[in-house]
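K.L.:
Pasting a structure below so you can have a look.
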Amino acid sequence: QVQLKETGPGLVQPTQTLSITCTVSGFSLTSYYMQWVRQTPGKGLEWMGFIRSGGSTEYNSEFKSRLSISRDTSKNQVFLKMNSLKTEDTGVYYCAREGVKQPYFDYWGQGVMVTVSS
Amino acid sequence: DIRMTQSPASLSASLGETVNIECLASEDIYSDLAWYQQKPGKSPQLLIYNANSLQNGVPSRFSGSGSGTQYSLKINSLQSEDVATYFCQQYNNYPRTFGGGTKLELK
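Residue numbers (our numbering), protein chains in the order written: chain B, 1 to 118; chain A, 1 to 107.
This is how it looks when you write it as structure tokens:
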């Protein structure tokens, strides 16, 4: 069955870089778009960006200058990297699947809690 | 960016009651709207897409309606397992945007 699971550090220091991996099973990354969404106390659910089935990416301009999304299809993994972290980046980070012609998020990972603090 | 405004922010209802949650978009989103349910400590789960289509496996007591800028989620015969926060999301344009959520509790 379809599964998504995020892994990443629980704690990151301000100004440092956040790296999160989303490992998927039950479907191919070459057939679906993979999204990143975060949930913070200050702004609620925020769409961050995605990587298309073909490998190209789009980012929310709110994060564009410091966000990077990539993937390794051989390992069924999608990666999020965001630099210059601030305390306001504290929250839960989710990966989610979007169908190519079904532009809503039909499966979500469990999320990973990230705390930005020194 | 398209702004999504949900109301009410919180709601208390009794078992068996019918509940309505509203979502207002800042511009026409042509029914490109999804509703998600998020239970405490869990990730959001898709309930409704295209404003009124029920996702596979979602109980039929959930329904969505609306068009243009105004949408609603209806829960008939409220069950205890429906206690959750509900979010709307537009996918008519980028950036995808979410409503602020409606927290549903039992009275």
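Ideal Cβ positions, reconstructed from N, Cα and C, are used throughout, including at glycine.
In this text the structure is predicted, and so the values were computed from the model without any measurement.
Do A:Arg-61 and A:Ile-48 have their C-beta atoms closer together than 9 Å?
P.N.:
no
K.L.:
For B:Asp-106, which of helix, strand or coil comes out of DSSP?
P.N.:
strand
K.L.:
So if I threshold CB-CB distances at 9 Å, which residues from the segment 79 to 111 of chain B count as touching chain A?
P.N.:
Val-92, Tyr-94, Ala-96, Glu-98, Gln-102, Pro-103, Tyr-104, Phe-105, Asp-106, Tyr-107, Trp-108, Gly-109, Gln-110 and Gly-111
K.L.:
Applying the 10 Å Cβ sphere with the 16-neighbour rule, what's the burial state of B:Gln-3?
P.N.:
By the neighbour-count criterion, in which 16 or more other beta carbons inside 10 Å mark a residue as buried, B:Gln-3 falls on the exposed side.
K.L.:
Can you list the residues of chain B that A:Pro-95 reaches, using a CB-CB cut of under 8 Å?
P.N.:
Trp-47, Asn-60, Ser-61 and Glu-62
K.L.:
Between A:Gln-89, A:Ile-2, A:Thr-85 and A:Arg-3, which has its C-alpha nearest A:Val-19's C-alpha?
P.N.:
A:Thr-85
K.L.:
Quick one: Cα of A:Lys-39 to Cα of B:Gly-54, how far?
P.N.:
33 Å
K.L.:
List, in order along the chain, the chain A residues whose C-beta lies closer than 9 Å to that of B:Gly-44?
P.N.:
Phe-87, Phe-98, Gly-99, Gly-100 and Gly-101
K.L.:
Exposed or buried, which one is A:Pro-44 when buried takes at least 16 other CB atoms within 10 Å?
P.N.:
buried
K.L.:
Do you know offhand how far A:Gly-68's Cα is from B:Thr-40's?
P.N.:
29 Å
K.L.:
Count the other CB atoms, across all protein chains shown, that sit within 10 Å of the CB of B:Arg-71; report buried if there are 16 or more and exposed otherwise.
P.N.:
buried
K.L.:
Could you pull the DSSP bridge partners for A:Lys-107 from this structure?
P.N.:
A:Lys-107 pairs with nothing; no bridge assigned.
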